[in-house]
Every structure is written in C-alpha cells, then in structure tokens.
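What follows is one structure encoded as structure tokens, with my remarks underneath.
Protein chains: 2
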Amino acid sequence: MRRIMLRISYDGTDFCGWQLQDNEVTVESELNKALSAITGEEIRVIGASRTDSGVHAEGAVCVFDTDSRIPAEKFRYAVNTGLPDTIRVWESVEVEDTFHPRHCDSEKTYEYHIWNNDFDNPLISRYAHFIYRKMDVEAMDRAAQYLLGEHDFKSFCSPKADVLTTVREITAISVRRDDRDERNVTIRVSGKGFLYNMVRIIAGTLIEVGTGLRTVESVKDTLEACNREAAGPTAPAKGLVLKGIVFKNALKCEENR
Amino acid sequence: MRRIMLRISYDGTDFCGWQLQDNEVTVESELNKALSAITGEEIRVIGASRTDSGVHAEGAVCVFDTDSRIPAEKFRYAVNTGLPDTIRVWESVEVEDTFHPRHCDSEKTYEYHIWNNDFDNPLISRYAHFIYRKMDVEAMDRAAQYLLGEHDFKSFCSPKADVLTTVREITAISVRRDDRDERNVTIRVSGKGFLYNMVRIIAGTLIEVGTGLRTVESVKDTLEACNREAAGPTAPAKGLVLKGIVFKNALKCEENR
Numbered sequence: 043m044r045r046i047m048l049r050i051s052y053d054g055t056d057f058c059g060w061q062l063q064d065n066e067v068t069v070e071s072e073l074n075k076a077l078s079a080i081t082g083e084e085i086r087v088i089g090a091s092r093t094d095s096g097v098h099a100e101g102a103v104c105v106f107d108t109d110s111r112i113p114a115e116k117f118r119y120a121v122n123t124g125l126p127d128t129i130r131v132w133e134s135v136e137v138e139d140t141f142h143p144r145h146c147d148s149e150k151t152y153e154y155h156i157w158n159n160d161f162d163n164p165l166i167s168r169y170a171h172f173i174y175r176k177m178d179v180e181a182m183d184r185a186a187q188y189l190l191g192e193h194d195f196k197s198f199c200s201p202k203a204d205v206l207t208t209v210r211e212i213t214a215i216s217v218r219r220d221d222r223d224e225r226n227v228t229i230r231v232s233g234k235g236f237l238y239n240m241v242r243i244i245a246g247t248l249i250e251v252g253t254g255l256r257t258v259e260s261v262k263d264t265l266e267a268c269n270r271e272a273a274g275p276t277a278p279a280k281g282l283v284l285k286g287i288v289f290k291n292a293l294k295c296e297e298n299r
Numbered sequence: 043m044r045r046i047m048l049r050i051s052y053d054g055t056d057f058c059g060w061q062l063q064d065n066e067v068t069v070e071s072e073l074n075k076a077l078s079a080i081t082g083e084e085i086r087v088i089g090a091s092r093t094d095s096g097v098h099a100e101g102a103v104c105v106f107d108t109d110s111r112i113p114a115e116k117f118r119y120a121v122n123t124g125l126p127d128t129i130r131v132w133e134s135v136e137v138e139d140t141f142h143p144r145h146c147d148s149e150k151t152y153e154y155h156i157w158n159n160d161f162d163n164p165l166i167s168r169y170a171h172f173i174y175r176k177m178d179v180e181a182m183d184r185a186a187q188y189l190l191g192e193h194d195f196k197s198f199c200s201p202k203a204d205v206l207t208t209v210r211e212i213t214a215i216s217v218r219r220d221d222r223d224e225r226n227v228t229i230r231v232s233g234k235g236f237l238y239n240m241v242r243i244i245a246g247t248l249i250e251v252g253t254g255l256r257t258v259e260s261v262k263d264t265l266e267a268c269n270r271e272a273a274g275p276t277a278p279a280k281g282l283v284l285k286g287i288v289f290k291n292a293l294k295c296e297e298n299r
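Keeping their order, the protein sequence lines are chains A and B.
The opening residue of the first sequence carries number 43 in my numbering; numbering runs sequentially from there.
The opening residue of the second sequence carries number 43 in my numbering; numbering runs sequentially from there.
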C-alpha cells in the first residue's frame with residue numbers, strides 16, 4: 043500500500059465545494075470517481091482544505107492510499123483523463139504513510155480578488171468580487187496588519203463552525219492594487235489554519251474599510267469583540283482562491299497537531 | 043431620432059457569437075432584447091465586429107437609433123439591468139447619425155492568449171488556449187513581423203469567407219511572454235479590418251513556429267502562397283479577445299469606405 047499526494051487546481055464555480063456530499067458534484071467526489079476508475083479500487087481522498095461552494099484553488103492538496111502499480115508521478119496524467127476540464131491535477135508524488143494533509147504542519151495561502159471599477163468585467167467576474175466604489179487600498183492594508191499574528195478570531199468565524207478553539211495565527215497579510223491594472227485589488231493571507239469563512243469575513247471587513255464604511259482602527263476593536271456581529275459581511279465565495287499549501291515536510295509528518 | 047454608441051465587454055463562452063441567428067442566443071440578440079425592453083421600441087443594434095462563437099470582447103462597439111428620452115450616458119446603466127452577467131455595457135454616448143461602426147475608419151486590436159505550461163489551468167482555460175510544449179516566443183515574434191503592413195492575407199482567411207478582396211493591413215503585431223508569469227503568452231494584432239478567422243489562423247500558424255513545427259521564414263512563404271492550406275490550423279476561439287476599437291472620429295464619419 044502506498045500513499046500518493048496530489049496537487050490540484052480547480053474552478054470552483056460549478057462545484058458544491060470540496061467535500062463529499064450526497065447527490066452533489068464536489069471536487070472530492072470527482073477525484074474519488076476518477077481515481078477509482080484508473081486503479082480499480084475504491085479510492086477516497088483526504089483533502090487538506092475543505093473549500094466552500096464556489097471557492098477556487100490553484101494549489102489544493104489531497105492524499106490517497108492505493109495498491110495500484112501505476113508509478114506515482116504518472117498518476118497526474120492518468121487521473122486528468124477522467125476529470126472534468128475544471129479540475130486539473132498538476133503534481134503526483136509518493137509520501138510516507140504517516141503524512142496527513144490536515145494533521146501535518148503546513149502554511150496555507152489564500153488570495154481574495156476584487157474588481158474595483160465603475161462596471162463589472164464579464165471576463166473576470168467568475169473569479170473576482172465587483173466593488174463599484176473606489177477603495178482606499180492603503181487603509182485596507184493598514185487595517186489588515188491588526189490581524190497579523192496569533193489572535194482569537196471568533197469575530198471572523200461563521201457561528202456555524204464547530205471548533206474547539208477560535209485561536210489562529212496569521213503569518214502574513216497584505217492588500218495591494220495591481221500596478222499594471224489598478225482595477226485589480228488582491229488581499230493575500232497566509233496562516234497555519236483558518237476558521238470557517240475566516241478569509242471571506244476578513245475580506246468583507248477590509249472592503250468596508252476600503253469603501254469608508256468603517257475606520258482602520260475599528261478592525262482592532264472587531265478582533266477584540268470576539269463576536270461575529272462586530273465584523274463585516276462574508277464576501278462572496280467566487281473572489282477566493284486557495285493559492286497553495288507549503289508543508290514543513292511533504293514526505294512525512296514531523297509533528298502531529 | 044438619436045444614434046447611441048455602446049462599448050461592451052462579454053464572455054463569449056456561452057454565446058453563438060455576436061451576430062443574430064434564428065433560435066440562438068447571441069450577444070446581438072441579448073442587446074436587442076434588453077434595449078427594446080427599456081425603450082419600448084424595436085431596437086436592432088449595428089455591431090462593429092461580428093465575433094465568432096466562443097470569442098470574447100473587452101471593447102466591442104455597436105450603435106442603435108432611438109426616439110427614447112433616456113439621456114445617452116444613462117443607457118449603460120439601464121441596459122445592464124436587462125443583460126446576463128456575461129455581457130456588460132461600460133460606455134454609452136450619443137454620436138452623429140452618419141456614424142457607422144463598420145463603415146467609419148477605425149483600428150481594431152485583438153489579443154490571442156496562450157497558456158504555455160505542462161498542465162492546463164482551470165482558472166484560465168475559458169480564456170486561453172493550452173499549449174504543452176514550451177514555445178520559442180522570440181521566434182514567433184520574428185515570424186509575426188512578416189505579416190506587418192498591407193498584404194494579401196488569402197492564406198490567413200477561411201475559405202468560407204465571401205469578400206471582394208483579401209488585402210488587409212496589419213498596423214502592429216507582437217508576441218510576448220508575460221514577465222510576471224512566464225506561462226502566459228500573448229499575440230497582439232492591430233489593423234483596420236480582419237478577414238474571417240484571420241487572427242485565429244495567424245495564431246495557429248505562429249504556434250507552429252513556436253513549437254518548432256515550422257520555421258520563422260516559412261511564414262513569409264505562407265503569406266506569398268495565397269492559399270489557406272499553406273497556413274497553420276485555426277486556433278480555438280476561446281483564446282481570442284477583441285480588446286478595443288479606436289475610431290478616427292467616434293462622433294461622426296469622416297470618411298466612408
């Protein structure tokens with residue numbers, strides 16, 4: 043039995059998110075189906091990040107166990123033939139059987155894309171949230187820095203989440219306007235783990251800062267309030283993309299959390 | 043009666059091209075429907091460029107005549123409410139009634155987008171043609187320069203075209219790899235007018251140069267052959283986008299061709 047790790051990009055528009063659900067087409071269900079077809083086994087992948095319906099990924103990760111004799115690096119070619127065009131596996135590699143994509147130490151990076159212009163752009167609207175009012179991106183970036191480091195992010199967590207602790211650590215956060223095309227604004231956030239809807243609530247709150255609905259300093263108060271109602275709205279899923287996941291050691295688990 | 047000019051972006055993926063066709067959803071049919079609904083008149087737009095099925099636009103142009111009292115600059119807001127999200131009007135302005143988007147002197151710019159990587163990217167695959175083999179972009183750019191200027195482009199015209207002359211003028215052409223993300227390659231072409239499938243056949247031919255299937259110099263021979271079979275294949279529609287149209291004088295026609 044070998045454990046294989048896959049790195050995957052997908053357009054989340056037409057999927058009910060990552061996670062397996064009865065009678066719904068999800069990224070996980072498509073991967074299980076394609077991998078089961080090529081191995082003749084009943085494959086169930088384990089994902090690193092269960093993205094919501096409509097969220098995209100450029101560097102999602104999952105593992106699966108197989109007795110198949112297909113060389114590890116060939117899986118990426120084989121599985122792509124059975125996947126819809128909206129999902130592409132771009133790396134397949136054998137890992138230690140102790141490696142688990144959620145329990146091993148990792149850093150995830152998400153980007154939230156905003157199209158900030160007086161009219162929406164149909165060529166970008168699947169992948170960016172449209173904001174009409176010109177945003178103060180410098181203020182958004184300053185406000186974002188209150189979130190850097192380890193904090194209780196309860197204000198930035200969906201009340202639907204069922205977690206033991208709402209303490210998380212953000213290792214990097216920035217808000218930038220594209221210098222080539224100023225209509226594109228990107229919020230980029232890295233951390234070891236994120237709460238349910240956390241990046242989208244951060245985006246919704248920083249957009250309120252950018253459009254003048256709240257002050258830069260209010261974000262500090264929001265964090266301290268530990269109350270979801272203190273934060274801004276959950277920004278739409280389509281603007282969010284999981285850019286990548288870096289594991290301390292991708293081949294085996296050095297440290298279980 | 044006033045003549046109004048619109049500038050329009052659209053995602054061509056789900057349309058049967060620009061031009062009105064029986065029982066098909068086209069960009070033109072959607073614009074006619076939305077404009078007729080807001081004016082109460084039977085509006086028929088006249089487009090500058092009849093893009094094919096699957097081709098995108100960021101700066102398409104059309105005009106229509108109306109007795110409506112809606113201020114010209116308000117049309118863009120009104121018409122967007124009746125259009126699908128995949129079409130957005132971003133400018134509306136009154137023009138002289140002699141102005142005609144196809145008969146007046148203009149320069150059109152198209153871009154052809156290629157994703158040049160060992161795996162396709164689902165987040166870009168609606169808008170770029172995927173080429174696996176690493177292309178020699180510098181060779182493509184040199185080959186493209188044979189096409190600059192006025193030539194008989196019969197080799198680069200679909201045999202289905204019904205035209206008086208296949209002589210056209212390319213005023214600018216370049217092939218560039220994106221310095222931020224080298225996987226993106228763009229062919230950019232400007233000219234007064236283009237033949238049916240001309241930019242897509244140019245793209246298909248230059249891709250053959252880039253992947254080593256033909257030499258740089260062969261493009262000169264292809265042009266001189268005046269034979270469609272001498273050129274490369276017609277590259278897929280989804281990589282093509284009409285970037286914009288510049289009129290010598292957008293308000294009236296200085297010169298009828």
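Backbone N, C-alpha and C define an ideal beta-carbon position, used for all residues, glycine too.
Classify residue i as buried or exposed, calling it buried when 16 or more other Cβ atoms lie within 10 Å of its own Cβ.
{"i": "B:N65", "result": "exposed"}
{"i": "B:E250", "result": "buried"}
{"i": "A:G191", "result": "exposed"}
{"i": "A:M43", "result": "exposed"}
{"i": "A:E100", "result": "buried"}
{"i": "B:P164", "result": "buried"}
{"i": "B:L284", "result": "buried"}
{"i": "A:Y119", "result": "exposed"}
{"i": "B:R175", "result": "exposed"}
{"i": "B:R222", "result": "exposed"}
{"i": "A:R111", "result": "exposed"}
{"i": "A:V67", "result": "exposed"}
{"i": "B:D53", "result": "buried"}
{"i": "A:V205", "result": "exposed"}
Between the alpha carbons of residue i and residue j, how many angstroms are there, rounded?
{"i": "A:K202", "j": "A:A273", "result": "15 Å"}
{"i": "A:L255", "j": "A:G246", "result": "11 Å"}
{"i": "A:C146", "j": "A:F289", "result": "7 Å"}
{"i": "B:N298", "j": "B:E149", "result": "Confidence is the limiting factor: at B:N298 the pLDDT is only 43, short of 50, which leaves the residue's position unreliable, though a coordinate-based value still follows. Cα to Cα, the separation comes out at about 14 Å."}
{"i": "A:Y152", "j": "B:I46", "result": "43 Å"}
{"i": "A:R262", "j": "A:A79", "result": "According to the sequence as given, residue 262 of chain A is Lys; it is not Arg. If you take the alpha carbons of A:K262 and A:A79, they lie about 51 Å apart."}
{"i": "A:D160", "j": "A:K196", "result": "34 Å"}
{"i": "A:T208", "j": "A:F236", "result": "9 Å"}
{"i": "A:T253", "j": "A:P278", "result": "16 Å"}
{"i": "B:E296", "j": "B:E138", "result": "Confidence is the limiting factor: at B:E296 the pLDDT is only 49, short of 50, which leaves the residue's position unreliable, though a coordinate-based value still follows. Rounded to the nearest angstrom, the two C-alpha atoms are 11 Å apart."}
{"i": "B:N291", "j": "B:T81", "result": "27 Å"}
{"i": "A:V131", "j": "B:R230", "result": "30 Å"}
{"i": "B:D162", "j": "B:I156", "result": "10 Å"}
{"i": "B:K75", "j": "B:H142", "result": "21 Å"}
{"i": "A:R218", "j": "A:R225", "result": "11 Å"}
{"i": "A:Q63", "j": "A:D178", "result": "40 Å"}
{"i": "B:V135", "j": "B:I129", "result": "18 Å"}
So, with DSSP's three-state summary, where would you put residue i?
{"i": "A:D194", "result": "strand"}
{"i": "A:K285", "result": "strand"}
{"i": "B:R144", "result": "coil"}
{"i": "B:L62", "result": "coil"}
{"i": "A:L48", "result": "strand"}
{"i": "A:R290", "result": "The sequence shown places Lys at residue 290 of chain A, not Arg. Looking at A:K290 - three-state DSSP - the assignment turns out to be coil, as it is neither helix nor strand."}
{"i": "B:R270", "result": "helix"}
{"i": "A:E259", "result": "coil"}
{"i": "A:T264", "result": "helix"}
{"i": "A:T55", "result": "helix"}
{"i": "A:G254", "result": "coil"}
{"i": "B:A279", "result": "helix"}
Taking the alpha-carbon of residue i as reference, which of the options has the nearest alpha-carbon?
{"i": "A:T213", "options": "A:D223, A:L189 and A:N226", "result": "A:L189"}
{"i": "A:S91", "options": "A:L48, A:S78 and A:A185", "result": "A:L48"}
{"i": "A:W60", "options": "A:R86, A:F117, A:G124 and A:I229", "result": "A:R86"}
{"i": "A:D94", "options": "A:T276, A:S260 and A:N291", "result": "A:T276"}
{"i": "A:C58", "options": "A:P113, A:I287, A:N291 and A:K280", "result": "A:K280"}
{"i": "A:G89", "options": "A:T81, A:E83, A:G96 and A:S71", "result": "A:S71"}
{"i": "A:S216", "options": "A:S200, A:A185, A:D204 and A:T207", "result": "A:A185"}
{"i": "A:S232", "options": "A:G124, A:G252, A:R210 and A:T55", "result": "A:R210"}
{"i": "B:V105", "options": "B:D53, B:G96 and B:L73", "result": "B:L73"}
{"i": "B:I166", "options": "B:N291, B:L282, B:E133 and B:I129", "result": "B:L282"}
{"i": "B:G96", "options": "B:V131, B:V69, B:K116 and B:D204", "result": "B:V69"}
{"i": "A:P126", "options": "A:D56, A:F198 and A:Y238", "result": "A:D56"}
{"i": "A:V241", "options": "A:N269, A:S200, A:A267 and A:E259", "result": "A:S200"}
{"i": "B:S260", "options": "B:S51, B:N239, B:M182 and B:E83", "result": "B:M182"}
The ligand SAM heavy atoms versus the CB of residue i: any closer than 7 Å?
{"i": "B:D204", "result": "What this structure holds is no ligand at all, so the ligand SAM is not there to describe."}
query = If you scan the stretch 191-248 of chain A from start to end, which runs of the beta strand (DSSP E) of 3 or more residues do you find wholly inside it?
reply = 191-194, 209-219 and 226-233
task = Only counting runs of 4 or more residues, tell me where the alpha helix (DSSP H) segments fall wholly within the stretch 122-190 of chain A, in order along the chain.
result = 179-186
key: Continuous alpha helix (DSSP H) assignments of at least 4 residues falling wholly in the stretch 70-132 of chain B   = 117-122
inquiry  = Under 9 Å, CB to CB, which of the residues in the stretch 91-118 of chain B have a partner in chain C?
reply    = Going by chain labels, chain C is absent from the structure shown, which instead holds the protein chains A and B.
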